[in-house]
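One structure is given below, encoded as structure tokens.
In the working numbering, the protein residues as written are 21 to 237.
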């Protein structure tokens with residue numbers, strides 16, 4: 021299966037077994053590459069990874085990861101696939117806004133890609149720059165909602181990830197990212213590190229804070 025000259029299955033064997041740092045580096049290099057084909061490969065791989073990682077480990081992959089990735093290639097239920105120009109413009113604009121610190125506009129740009137939505141647009145942003153961008157999907161949203169029930173200051177970060185971009189989603193995403201950025205800075209200032217696979221110690225990034233919060237019950 022190909023989209024233009026892109027082999028969709030390229031390097032997907034990496035997804036199930038790689039440690040976080042390897043996955044982050046793999047996707048970041050593709051998404052920042054000068055080749056649009058590599059950028060597109062990166063987006064498709066993020067979509068595959070996000071659905072594969074979200075499958076029930078007791079049941080194993082349910083096939084949805086590949087099915088959802090195919091939506092990006094073939095369209096869904098008779099609807100047209102995203103045009104190459106739509107994809108290229110969205111990726112380019114998302115990267116530009118992210119580099120200039122406009123997290124809300126970066127999210128908006130990537131949500132212009134059909135079938136991506138807030139959940140997967142934020143995943144692409146996270147892989148583009150895990151030091152300042154984090155994920156906001158339905159599971160993270162549920163966690164933030166529970167935190168808001170305990171602490172009203174979290175209320176502005178509560179949004180529904182469904183449907184299209186809104187200003188409230190952009191503001192909530194920016195606030196969530198900045199919370200994680202600030203916590204990472206505090207931890208690094210104290211000399212704290214976290215342990216990667218095989219005992220490798222690493223400094224904290226925004227995404228590491230997000231992952232640690234998500235891991236809590």
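Cβ atoms here follow ideal geometry from the backbone N, Cα and C, with glycine treated the same way.
| query | result |
| --- | --- |
| Same chain only: Cβ atoms within 7 Å of residue 229, ignoring 5 sequence neighbours per side | 200, 203 and 204 |
| Bounding residues of the alpha helix (DSSP H) (the contiguous stretch that carries residue 49) | 40-52 |
| Length of the line joining the Cα atoms of residue 172 and residue 178 | 10 Å |
| Bridge partner(s) assigned by DSSP for residue 196 | BP columns for residue 196 are empty, so no partner. |
| Separation of residue 148 from residue 66, as counted between CA atoms | 11 Å |
| For residue 215, the residue or residues it bridges with in DSSP | 221 |
| Residue range of the alpha helix (DSSP H) that includes residue 115 | 104-119 |
| For residue 180, the three-state DSSP class (helix, strand or coil) | coil |
| Enclosing alpha helix (DSSP H) for residue 89 [first to last residue] | 84-94 |
| First through last residue of the alpha helix (DSSP H) which encompasses residue 139 | 137-148 |
| Where residue 128 sits in the DSSP three-state scheme | helix |
| Top-ranked residue by Cα proximity to residue 41, from 123, 234, 225 and 145 | 225 |
| Short Cβ contact (8 Å threshold) for residue 104 with residue 64 | no |
| CB of residue 96 within 8 Å of CB of residue 135, strictly | yes |
| Proximal residues to residue 193 (C-beta, below 7 Å), its chain only, five neighbours per side dropped | 123, 124, 127, 142 and 156 |
| The alpha helix (DSSP H) enclosing residue 165, as first and last residue numbers | 158-170 |
| Limits of the unbroken alpha helix (DSSP H) element including residue 229 | 226-235 |
| Reference residue 71, options 59, 84 and 60, closest by Cα | 84 |
| Presumed contact (8 Å Cβ cut-off) between residue 168 and residue 175, rounded CB distance | 5 Å |
| Alpha carbon of residue 187 to alpha carbon of residue 56, nearest angstrom | 29 Å |
| Local conformation of residue 203 per DSSP, three classes | helix |
| CB of residue 216 within 8 Å of CB of residue 44, strictly | no |
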